[in-house]
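For reference, the structure discussed in these notes is given below.
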Amino acid sequence: MTSTNDIRSTFLEYFAERGHQILPSASLVPQNDPSLLFTNAGMVPFKNIFTGQETTPYKRATTAQKVVRAGGKHNDLDNVGYTARHHTFFEMMGNFSFGDYFKAEVIEFAWNLLTKGFGISKEKLLVTVYSDDDEAAALWRKIAGFSDDKIIRISTSDNFWRMGDTGPCGPSSEIFYDHGPDVAGGPPGSPEEDGDRFVEIWNLVFMQFFEEAGGKRSALPRPSIDTGMGLERFAAIMQGKRDNYDTDTIRALIEASADLLHQDADGHFKMSHRVVADHLRSTAFLISDGVLPSREGRGYVLRRIMRRAMRHLHMMGAKDPVFYRLLPALIQQMGHAYPELVRHQALITETMRGEEERFAALLTRGLSLLDSEMAQLSDRGTLPGELAFKLYDTFGFPLDLTQDVLRERGHKVDEAGFEAAMAEQRQRARAAWVGSGDAAVETVWFDARDRFGATEFFGYVTEQADAEV
Ligand code: ATP
Ligand code: MG
Ligand code: MG
Ligand code: MG
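Below is the structure:
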């Protein structure tokens with residue numbers, strides 16, 4: 004069996020042999036980019052090179068980039084546990100051309116790596132192109148020998164990439180793998196596309212235009228290439244699995260979770276083990292890149308991820324802090340490729356244990372309150388917003404933690420009611436504020452509080468301009 008670690012090296016070496024500089028993964032905290040919550044694609048560290056603000060000594064690069072998609076425009080948190088192909092943390096493999104090669108070469112590179120390098124059968128693959136990209140369609144016909152029914156034309160933004168409201172943009176072409184008719188789902192562009200049968204494995208972005216404010220587009224003098232391939236999805240294919248969570252690395256984490264709790268990995272708590280394995284990776288990698296659980300911004304997203312994992316562990320019977328005890332299994336799987344995990348092992352361990360200790364008593368009490376409230380709800384009933392707010396305010400339950408519990412039983416939260424309760428509390432705090440008597444100072448203070456308060460919900464209230472790939 005080809006291990007995930009081997010696939011990562013093979014990918015990087017393949018592109019190194021073709022003139023690409025292998026670069027280490029950048030941090031999950033984007034450098035000089037306050038608009039972006041986390042690095043959510045392989046191209047993020049190269050944004051300034053693509054816009055021409057920075058130059059590099061090399062024209063081709065390849066990376067395995069750590070990526071987190073748990074907030075902002077790309078938020079896969081609610082997919083975790085439910086789909087076979089989404090994680091909050093994953094590795095995006097990529098090859099990049101900075102004004103060097105373009106469409107023909109990148110399609111050829113990708114095709115040869117998949118079918119010759121990794122030996123994937125052509126019959127299992129199909130592609131999408133942007134609706135008017137005849138050039139890409141013709142290249143796929145020529146290079147892969149595909150008939151037109153394997154080249155699906157898509158006219159939505161799924162196949163047209165933009166860095167932001169202005170700047171580099173262009174059509175993309177995505178490569179899909181068909182896991183076969185036993186898996187539910189339809190081909191890209193069909194009404195059933197959101198299943199696990201046809202899995203998107205590799206997105207090739209052709210940056211060929213520059214878009215100005217107002218939408219005027221001009222051709223870039225030297226077009227560029229950005230690609231993103233999901234390592235875990237690819238590993239599933241190479242390992243003969245239909246589910247990312249059955250691949251070597253992630254399965255080892257699931258088994259560690261099952262062992263720790265003396266549970267069957269595939270039994271009643273199957274989904275919880277998947278969530279824990281996923282959240283363990285995002286937690287450890289975020290902490291090792293300097294994010295700490297906190298009340299706002301990035302730290303609050305991390306806290307939400309950690310508390311969700313703890314809730315699942317609690318549900319499986321954990322009484323004492325246990326989440327941190329899974330870290331050695333992760334280090335064993337990924338510590339070689341990502342030595343920062345080893346370097347920061349003590350910090351990650353202490354941060355995980357501390358957060359668990361702080362939250363343990365609140366979690367138990369909050370869950371028993373939630374349980375008794377749920378017992379009173381009718382079938383598919385909605386939890387009142389004030390209760391979700393009480394859980395948030397008194398028990399430290401992020402809204403999405405409450406929603407995660409409710410979803411398992413077919414319930415929802417009255418979100419508008421939750422927001423209203425939150426706004427009301429702000430008002431009360433304002434009214435109760437005796438203050439300094441200096442109205443100007445108070446206005447500033449409350450404005451800041453409201454603003455930063457809002458960032459606690461980063462991820463579904465604020466939408467940020469960020470990259471697709
Ligand atoms: P999907 O449509 O399946 O959600 P995407 O179009 O959002 O994927 P891209 O932004 O094109 O994904 O990212 C490039 C590649 O990264 C994808 O082709 C896929 O292989 C992988 N990928 C994207 N999101 C995830 C995720 N949450 N977990 C694992 N791999 C992912
Ligand atoms: Mg997506
Ligand atoms: Mg997609
Ligand atoms: Mg895509």
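My numbering puts the first residue of the sequence shown at 4, with every later residue one more than the last.
Ideal placement from N, C-alpha and C gives every residue a C-beta, glycine not left out.
Nearer than 8 Å: is that true of the beta carbon of residue i relative to any heavy atom of ligand 3?
i, result
"Glu203", "yes"
"Asp181", "no"
"Trp79", "A small correction: the amino acid at residue 79 is Asp; Trp does not occupy that position in the sequence shown. Because no heavy atom of ligand 3 lies under 8 Å away, the Cβ of Asp79 does not count as near it: no."
Is any heavy atom of ligand 4 found at a distance shorter than 8 Å from the C-beta of residue i?
i, result
"Ser175", "yes"
"Gly231", "yes"
"Asn206", "yes"
Does residue i come out as helix, strand or coil in the three-state DSSP assignment?
i, result
"Ser315", "For clarity, residue 315 is His in the given sequence; the question names Ser instead. Residue state, collapsed to three classes: helix."
"Lys62", "coil"
"His276", "helix"
"Gly231", "strand"
"Thr385", "strand"
"Met425", "helix"
"Glu195", "coil"
"Ile334", "helix"
"Arg11", "helix"
"Glu16", "helix"
"Arg220", "strand"
"Glu360", "helix"
"Ile157", "strand"
"Phe461", "Low confidence applies to Phe461: its pLDDT is 38, below 50, so where it sits in the model is not reliable enough to give any reading."
"Ala29", "coil"
"Met46", "coil"
"Thr354", "helix"
"Gly74", "strand"
"Gly456", "Annotation note: pLDDT 45 at Gly456 (below 50); position unreliable, coordinate value reported separately. In the structure shown, Gly456 sits in a helix (DSSP, three-state: H, G or I)."
"Met210", "strand"
"Met4", "coil"
"Asn303", "Checking the displayed sequence, the identity of residue 303 turns out to be Tyr instead of Asn. It is helical."
"Ala468", "Because Ala468 carries a pLDDT of 37, less than 50, the predicted location of this residue cannot be relied on, and the following value inherits that uncertainty. Here Ala468 sits in coil by DSSP."
"Ala268", "coil"
"Gly293", "coil"
"Leu124", "First, the amino acid is wrong: residue 124 is Ser here, not Leu. In this structure, Ser124 counts as coil in the three-state DSSP scheme."
"Gly102", "coil"
"Glu94", "strand"
"Gln24", "strand"
"Asp181", "strand"
"Gly173", "strand"
Report whether the distance from the Cβ of residue i to the nearest heavy atom of ligand 1 is below 8 Å.
i, result
"Gly384", "no"
"Asp161", "yes"
"Thr59", "no"
"Gly245", "The amino acid at residue 245 is misidentified as Gly; the sequence shows Arg. No, the Cβ of Arg245 stays beyond 8 Å of every heavy atom of ligand 1."
"His282", "no"
"Arg88", "yes"
"Ala44", "yes"
"Arg356", "no"
"Glu306", "Checking the displayed sequence, the identity of residue 306 turns out to be Arg instead of Glu. Checking the Cβ of Arg306 against ligand 1 gives no."
Assuming residue i and residue j are in contact, meaning their beta carbons sit under 8 Å apart, how far apart are those beta carbons, in whole angstroms?
i, j, result
"Arg144", "Ile154", "7 Å"
"Phe14", "Met96", "5 Å"
"Ala280", "Ile253", "5 Å"
"Leu39", "Pro48", "At roughly 11 Å, the Cβ-Cβ gap does not stay under 8 Å, so Leu39 and Pro48 are not in contact."
Following a CB-centred definition, is residue i positioned closer than 8 Å to any heavy atom of ligand 2?
i, result
"Asp199", "no"
"Arg72", "yes"
Going by C-alpha to C-alpha distance, which of the options sits closest to residue i?
i, options, result
"Leu289", "Leu31, Ser6, Phe14", "Leu31"
"Arg156", "Arg284, Gly192, Phe93, Pro226", "Gly192"
"Arg88", "Met355, Glu411, Lys244", "Lys244"
"Arg21", "Ser160, Ser285, Val109", "Val109"
"Gly170", "Val325, Met210, Glu177", "Met210"
"His417", "Thr405, Gln428, Ser100", "Note that residue 417 is Asp in the sequence shown, not His. It is Thr405."
"Ile52", "Ile228, Asp246, Gly300", "Ile228"
"Arg2", "His182, Thr59, Gly84", "Outside the modelled stretch of the chain, which goes from 4 to 472, sits residue 2, for which no answer is possible."
"Asn78", "Phe112, Phe179, Asp103, Phe41", "Phe41"
"Ile178", "Met337, Val70, Gly231, Ala391", "Gly231"
"Gln56", "Phe101, Asp81, Ala64", "Phe101"
"Phe272", "Ser260, Ala423, Pro296", "Ser260"
"Gly388", "Thr367, Arg220, Ala419", "Ala419"
"Leu26", "Asn98, Met425, Ile10", "Asn98"
"Val325", "Phe398, Leu264, Arg346", "Leu264"
"Asn82", "Arg63, Tyr248, Asp292", "Tyr248"
"Ile478", "Glu94, Asp407, His347, Ala107", "The structure shown does not extend to residue 478, since the chain is modelled only from 4 to 472, so the question has no answer here."
"Gly120", "Val208, Ala44, Tyr17", "Tyr17"
"Thr159", "Ala141, Asp136, Leu142, Ala147", "Asp136"
"Glu203", "Leu390, Arg314, Gly188", "Gly188"
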